[in-house]
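Colleague:
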Amino acid sequence: MRTKIVAGNWKMNMKWVDAKSLLLGINQYVNTHKPNCEVIVCPPYPYLDNATEILSGKVQVGSQNISEYEKGAYTGEISAEILNSFDVSYAIVGHSERRSIFKESNEQIGEKVKTAIKNNINTIICCGETLEERQSDNHKKIVKEQLEAALADVSDKDIANQVIAYEPVWAIGTGETASPAQAQEMHQFIRREILESKYGNDLSDKVRILYGGSVKPGNAEELFSKPDIDGGLIGGASLKEDDFASIINAASRTQ
Ligand code: PGA
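Residue numbering for the sequence shown follows the numbering used here, beginning at 1 and increasing consecutively.
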């Protein structure tokens, strides 16, 4: 059985004073309620070190991005080695905002995944189509291209520790969610076709595939009840302690 994951992607939000109180609140919630899912928080880079201390191991800490380069003269970049030295266990890679605003290519994302894994950071690999790509019925083709490039150097040994996040671009921050049936259809396609053709049936069954895009307390349980939806990557709702707690609770209930 796959343990569900609820991961919060804070993006570029929160001053430290607010971030600290949210981290303390999440820590308290998780310690009190002991959910049977994994919880990951991905705050902005400067908060990662404090976050690993405040979250006392029960909640894992992830970065929102990672450099594809190992080390050296790359001003402004953060390497996998640096993140690993701060007990960061996950990195979000290939988020649609990185792809569209910062023009990250599929190949670059593949390099990021490779460097992360080499330095013991597990990846949350994002994929997802735009509205135009869905309307022209290209959504599966796009997701396949994105994931094949991202997983190009991921071996059988490492795949089970990587996480995939399907986030249709048209559902991110828009209040619009893929219906549970639409999400399940894509998740099943990712598992049974993309992953299975490369890694076989058993390993594909082990990979957690999260849904992201306007997940809220009111829709989390229905989404997480679908057989191939193993939790969520949460943006806006991860900034509110009560909402995030209630999504964690939904993942726990549907485990
Ligand atoms: P959202 O963002 O939950 O605010 O739609 C999700 C994401 O971008 O990871």
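Where is the CB? At the ideal position from N, CA and C, for every residue including glycine.
As the structure is a prediction and not an experimental result, all values here were calculated from the model.
Can you say whether residue 139 is buried or exposed, counting buried as having 16 or more other CB atoms within 10 angstroms of its CB?
Modeller: buried
Colleague: Sorted by chain position, which residues of the same chain lie with C-beta nearer than 7 Å to residue 180's C-beta, five sequence neighbours on each side aside?
Modeller: 222, 223 and 226
Colleague: Counting C-beta neighbours from all protein chains within 10 Å, is the total for residue 101 16 or more, i.e. buried, or is it exposed?
Modeller: exposed
Colleague: Spatial neighbours of residue 119 within its chain, please: CB distance less than 6 Å, with the 5 preceding and 5 following residues excluded, ordered by chain position.
Modeller: 80, 81 and 84
Colleague: Just the Cα atoms here: how many angstroms apart are residue 97 and residue 197?
Modeller: 28 Å
Colleague: Please state whether DSSP places residue 90 in a helix, a strand or coil.
Modeller: strand
Colleague: Can you grab the Cα-Cα spacing for the pair residue 149 / residue 94, in whole Å?
Modeller: 11 Å
Colleague: Please tell me whether residue 229 and residue 209 are closer than 9 Å, where the distance is taken between their beta carbons.
Modeller: Closer than 9 Å, so yes.
Colleague: When you compare the CB positions of residue 184 and residue 124, do they come within less than 9 Å of one another, or not?
Modeller: no
Colleague: Would you grab the beta carbon distance between residue 60 and residue 38 for me? Rounded to a whole angstrom, and I think it's under 8 Å.
Modeller: Cβ atoms of residue 60 and residue 38 come within 8 Å of each other, at about 7 Å.
Colleague: Are residue 212 and residue 128 touching if we call contact CB-CB under 9 Å?
Modeller: Contact: yes.
Colleague: Can you tell me whether residue 115 is buried or exposed? The criterion is at least 16 other CB atoms within 10 Å of its CB, across all chains shown.
Modeller: buried
Colleague: Measure the CB-CB distance between residue 27 and residue 4 and report whether it falls below 9 Å.
Modeller: Remark: C-beta atoms of residue 27 and residue 4 do not approach each other more closely than 9 Å.
Colleague: Thinking just about the alpha-carbon of each residue, which of 175, 232 and 172 is nearest to the one in residue 187?
Modeller: 232
Colleague: Measure the beta-carbon distance from residue 7 to residue 43 and round it to whole angstroms, keeping in mind my assumption that it falls under 8 Å.
Modeller: Contact flag wrong, Cβ pair sits at about 12 Å.
Colleague: Is residue 33 near the ligand PGA - that is, is its Cβ less than 8 Å away from at least one heavy atom of it?
Modeller: no
Colleague: Leaving out five residues on either side along the sequence, give the residues of the same chain with a beta carbon under 6 Å from the beta carbon of residue 175.
Modeller: 214
Colleague: Just how far apart, CA to CA, sit residue 35 and residue 254?
Modeller: 11 Å
Colleague: Assign residue 46 to buried or exposed, taking buried as 16 or more other Cβ atoms, counted over all protein chains shown, within 10 Å of its Cβ.
Modeller: exposed
Colleague: So is the beta-carbon of residue 171 under 8 Å away from any non-hydrogen atom of the ligand PGA?
Modeller: yes
Colleague: Measuring alpha carbon to alpha carbon, tell me which residue in 92, 12, 200 and 91 is nearest residue 155.
Modeller: Out of 92, 12, 200 and 91, 200 has the C-alpha closest to the C-alpha of residue 155.
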